[in-house]
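A.B. asks:
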Amino acid sequence: MSDLVSIFLHLLLFKLVAPVTFRHHHYDDLVRMLYKVHNECPHITRVYSIGRSVKGRHLYVLEFSDYPGIHEPLEPEVKYVGNMHGNEALGRELLLQLSEFLCEEFRNRNPRIVRLVEDTRIHVMPSMNPDGYEVAAAAQERDVSGYLVGRNNANGVDLNRNFPDLNTYIYYNEKNGGPNHHLPLPDNWKSQVEPETQAVIQWIRSFNFVLSANLHGGAVVANYPYDKSLEHRVRGFRRTANTPTPDDKLFQKLAKVYSYAHGWMHQGWNCGDYFPDGITNGASWYSLSKGMQDFNYLHTNCFEITLELSCDKFPLQGELQREWLGNREALIQFLEQVHQGIKGMVRDENYNNLADAVISVSGINHDVTSGAHGDYFRLLLPGTYTVTATAPGFDPETVSVTVGPAEPKLVDFQLKRSTPQAAPKRRIPNSGHRGRVLAEKVQPRAARKKETMMKQPQRGPA
């Protein structure tokens, strides 16, 4: 009997560690696969939902970290989002493959993957549009042609044209002055977006994401912001024109990292299009308003690019293995890009952590802020920079930093509380007070609430 039990346990273990099969996964299959990976690697993974689709399907995320569910100060957060358009299925399958790969390689003690998981908090969302996918998959199974079948959500809305338009505000601010980061949302924004979009917005506001990629299909190119052209409409059409962000060189580098690590993207000629180095500025290709990529950059600390990964939006199952092998190294290398630039803690004189402190880099008109734990992350190319930290009620602190090509430079700030300045004295032209000097009253600035640096689970969607 003991031998039979041993054989049974061996077969069960073999089944658990078997790799993901190269096939398309319906919603129920996807959920089972996420929990299968979690069961294989329970100490470094967590499955959570950020909300539900129009038809009530969960928008699941699989997290990889050595402390799942916890934000570790100075450990950056990075995310992948797939299947935003339901009929673009390759990203969904690649992210399932990636999840299985990270788990297996960590268990095999692959030094590169162990280091990545221990130094990074990775969030993988295989499908942002599970309702659209089911429509597209059903059409594929019935061999029903239709380039756009299943693209939109169940309400018929294109989710990549559904985020609040913050580009209009930033283009105005760049010309007339105003905030260059964390642009506010309209008061009624929740009533203007779909359930899936609202869930993603609340998600990226709940985590201090640093880097992100959004996986699409229909072309083979790494697309970077801005997506919306600065040019005005011409005869009803928006003119395509290169519209760079203040971080344009950095975004080009991030896009090239993926393109050149990809099996063939960097060659440029794909799907009948030519993109030098396999990358493009979004607005230079075609102008897109209310997209998720620009929204990440303008409303949060997150730098996101869009990866177009296949000519066929819904590749045949027989093509999935080739696509995985062509994308595997690129998916890993892109995650590693979060470890560059500078990072550090912002504290006050008593070593209390300061959230929402603004980190500015001279010459780059786009700031980032410290997170709830007082830590900040600023992606930068190698070079020497002048960096300033500011917070209300504190004197700013400025340092010169030289950034290398490898690990991020650790740069901490300790801000001192501002000392109220005495008001200039002035004489009052009143005969009753001739010769007397009166001083104006000075209102002290409100002190900022202090936050202690505690290693506790970050509050996010359940």
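According to mature numbering (1 follows the signal peptide of the UniProt record, and there is no 0), the residues represented by the sequence shown are -19 to -1, 1 to 443, in order. The beta-carbon is built from N, C-alpha and C at its ideal position, and this holds for glycine as well. Quantities reported herein were computed from a predicted structural model and do not represent experimental measurements.
#1: Which residues does DSSP list as the beta-bridge partners of TRP184?
#2: Just tell me which of ASP146, GLU304, GLN121, ASN161 has its CA closest to the CA of ASN169.
#3: DSSP state of LYS422, grouped into three classes?
#4: Restricting to Cα atoms, I'd like to know which of MET14, VAL116, VAL62, THR365 is closest to GLU177.
#5: For PHE(-12), which residues in the same chain have their Cβ closer than 8 Å to its Cβ, ignoring the five residues on either side in sequence?
#6: Beta-carbon within less than 6 Å of ALA311's beta-carbon, same chain only, minus the 5 sequence neighbours each way: which residues are those?
#7: Check whether the region 29 to 42 touches the region 74 to 84, counting contact only when three or more Cβ pairs, one atom from each stretch, lie closer than 8 Å.
#8: For VAL191 and VAL174, what's the separation of their Cα atoms in angstroms?
#9: Can you grab the Cα-Cα spacing for the pair GLY322 / ALA372, in whole Å?
#10: How is the alpha helix (DSSP H) around MET273 delimited, first residue to last?
#11: Less than 8 Å between the CB atoms is what I'm expecting for GLU53 and TYR29, so what's the real figure, rounded?
#12: In whole angstroms, what is the alpha-carbon distance linking PRO257 and THR287?
#13: Quick check: the Cα distance between VAL202 and SER399, rounded to an integer number of angstroms?
#14: For the beta strand (DSSP E) containing MET326, name the first residue and the last one.
#15: For LEU231, which residues from the same chain have a beta carbon less than 8 Å from its beta carbon, with the 5 sequence-adjacent residues on both sides left out?
#16: Please list the terminal residues of the continuous beta strand (DSSP E) segment that includes MET14.
#17: Give a yes or no on contact between the region 58 to 77 and the region 286 to 305, applying the rule of three or more CB pairs nearer than 8 Å.
#18: Mark TRP305 as exposed unless 16 or more other C-beta atoms lie within 10 angstroms of its C-beta, in which case mark it buried.
#19: Looking at the structure shown, is MET65 part of a helix, part of a strand, or coil, going by DSSP?
#20: Taking 8 Å as the cut-off, does the region 116 to 131 touch the region 260 to 274 (at least 3 CB pairs, one atom from each stretch)?
#21: Under a three-way DSSP split, which group does THR26 fall into?
#22: For TYR267, list the residues DSSP reports as bridge partners.
#23: Closest to MET109 by CA distance: which of LEU140, PRO92, TYR278 is it?
#24: Nearest CA to the CA of PRO165: which residue from THR281, ARG27, ALA194, ILE25?
#25: Does the distance from the C-beta atom of GLY259 to that of MET246 stay below 9 Å?
#26: Taking the straight line between their C-alpha atoms, what separation do you get for LEU419 and PRO401?
#27: What is the DSSP secondary structure of LEU288, reduced to helix, strand or coil?
#28: How long is the line joining the alpha carbons of ASN89 and PHE3, rounded to whole angstroms?
#29: Quick one: grab the DSSP three-state call for ALA370.
#30: By the three-class DSSP mapping on this structure, what secondary structure does ARG33 have?
#31: If THR226 sits next to TYR255, beta carbons under 8 Å apart, how far is it from one beta carbon to the other, in whole angstroms?
#32: Which word fits GLN78, buried or exposed, when buried means at least 16 other C-beta atoms lie within 10 angstroms of its C-beta?
#33: Quick one: using the 10 Å Cβ neighbour count with 16 as the cut-off for buried, is residue 449 buried or exposed?
#34: Does the beta-carbon distance from LYS324 to PRO57 come in below 9 Å?
#35: Can you round the beta-carbon distance between ALA338 and ALA387 to whole angstroms, since I take them to be within the 8 Å contact cut?
#36: For GLU58, which beta-bridge partners are listed by DSSP?
C.D. replies: For this structure:
#1: Counted from its first residue, the sequence shown places residue 184 at position 203. According to DSSP, TRP184 bridges with nothing at all.
#2: Against the sequence shown, residue 169 aligns to sequence position 188. For ASN169, the nearest C-alpha among the options comes from ASP146.
#3: Against the sequence shown, residue 422 aligns to sequence position 441. The pLDDT assigned to LYS422 is 35, lower than 50, so where the model puts this residue is not dependable; a value taken from the coordinates is nonetheless given after this. Of the three classes helix, strand and coil, the one that applies to LYS422 here is coil, per DSSP.
#4: As a working mapping, residue 177 is identified with position 196 in the sequence shown. The option with the nearest alpha carbon to GLU177 is VAL62.
#5: What you label residue -12 is simply residue 8 of the sequence shown in a count that begins at 1. Confidence at PHE(-12) is low in this model, with a pLDDT of 39, below 50, so the placement of that residue should be treated as unreliable; the coordinate-derived value is given next. Excluding positions up to five away in sequence, the list is empty.
#6: Taking the sequence shown and counting its residues from 1, one reaches residue 311 at position 330. Answer for ALA311: TYR239, ALA242, HIS243, listed in chain order.
#7: no
#8: Sequence index remark: in the sequence shown, residue 191 carries index 210 (1-based). Sequence index remark: in the sequence shown, residue 174 carries index 193 (1-based). Roughly 24 Å between the two C-alpha positions.
#9: Counting from 1 along the sequence shown, the entry for residue 322 is found at position 341. Counting from 1 along the sequence shown, the entry for residue 372 is found at position 391. Spanning the two alpha carbons is a distance of roughly 21 Å.
#10: Position 292 of the sequence shown holds residue 273. From DSSP, the alpha helix (DSSP H) with MET273 extends over 273 to 280.
#11: Within the sequence shown, numbered from 1, the residue matching residue 53 stands at position 72. Within the sequence shown, numbered from 1, the residue matching residue 29 stands at position 48. GLU53 to TYR29, Cβ: 17 Å. No contact.
#12: What you label residue 257 is simply residue 276 of the sequence shown in a count that begins at 1. What you label residue 287 is simply residue 306 of the sequence shown in a count that begins at 1. The alpha-carbon atoms of PRO257 and THR287 are separated by roughly 16 Å.
#13: For the purposes of this step, residue 202 is identified with residue 221 of the sequence shown, where counting begins at 1. For the purposes of this step, residue 399 is identified with residue 418 of the sequence shown, where counting begins at 1. Approximately 49 Å, taken between the alpha carbons.
#14: One-based indexing of the sequence shown puts residue 326 at position 345. 323 to 329 is the span of the beta strand (DSSP E), which, as asked, contains MET326.
#15: For the purposes of this step, residue 231 is identified with residue 250 of the sequence shown, where counting begins at 1. So the list reads PHE284, LEU360, LEU361, LEU362, once near-sequence residues are dropped.
#16: By one-based count along the sequence shown, residue 14 stands at place 33. Not the beta strand (DSSP E): MET14 falls in the alpha helix (DSSP H), residues 8 to 21.
#17: yes
#18: Residue mapping note: residue 305 aligns to position 324 of the sequence shown, counting from 1. So TRP305 counts as buried.
#19: Locating residue 65 in the sequence shown gives position 84, where the first residue counts as 1. In this structure, MET65 counts as coil in the three-state DSSP scheme.
#20: no
#21: As a working note, residue 26 is residue 45 in the sequence shown. Looking at THR26 - three-state DSSP - the assignment turns out to be strand.
#22: Translated into positions along the sequence shown, residue 267 becomes position 286. Partner(s): none; TYR267 has no beta bridge.
#23: Looking up residue 109 in the sequence shown gives position 128. The shortest Cα separation from MET109 among LEU140, PRO92, TYR278 belongs to LEU140.
#24: Residue mapping note: residue 165 aligns to position 184 of the sequence shown, counting from 1. For the residues THR281, ARG27, ALA194, ILE25, the minimum Cα distance to PRO165 belongs to THR281.
#25: Here residue 259 corresponds to residue number 278 of the sequence shown, with the count starting at 1. Here residue 246 corresponds to residue number 265 of the sequence shown, with the count starting at 1. Yes.
#26: Here residue 419 refers to the residue found at position 438 when the sequence shown is read from its first residue. Here residue 401 refers to the residue found at position 420 when the sequence shown is read from its first residue. Because LEU419 carries a pLDDT of 31, less than 50, the predicted location of this residue cannot be relied on, and the following value inherits that uncertainty. Each residue's alpha carbon lies about 18 Å from the other.
#27: What you label residue 288 is simply residue 307 of the sequence shown in a count that begins at 1. Looking at LEU288 - three-state DSSP - the assignment turns out to be strand.
#28: Numbered from its first residue, the sequence shown carries residue 89 at position 108. Numbered from its first residue, the sequence shown carries residue 3 at position 22. Looking at the two C-alpha atoms, the distance is approximately 21 Å.
#29: Taking the sequence shown and counting its residues from 1, one reaches residue 370 at position 389. DSSP places ALA370 in strand when its eight states are reduced to three.
#30: Residue 33 sits at position 52 when you count from the first residue of the sequence shown. Strand at ARG33.
#31: Against the sequence shown, residue 226 aligns to sequence position 245. Against the sequence shown, residue 255 aligns to sequence position 274. About 23 Å separates the two Cβ atoms, so there is no contact after all.
#32: For this step, residue 78 is matched to residue 97 along the sequence shown. Flag for GLN78 reads buried.
#33: Past the edges of the chain, shown from -19 to 443, lies residue 449, and the structure says nothing about it.
#34: Looking up residue 324 in the sequence shown gives position 343. Looking up residue 57 in the sequence shown gives position 76. Yes, the pair counts as a contact, with Cβ atoms nearer than the cut-off.
#35: Position 357 of the sequence shown, counted from the start, is the residue given in the question as residue 338. Position 406 of the sequence shown, counted from the start, is the residue given in the question as residue 387. About 26 Å; that fails the 8 Å criterion.
#36: Looking up residue 58 in the sequence shown gives position 77. Per DSSP, ARG102, PHE190.
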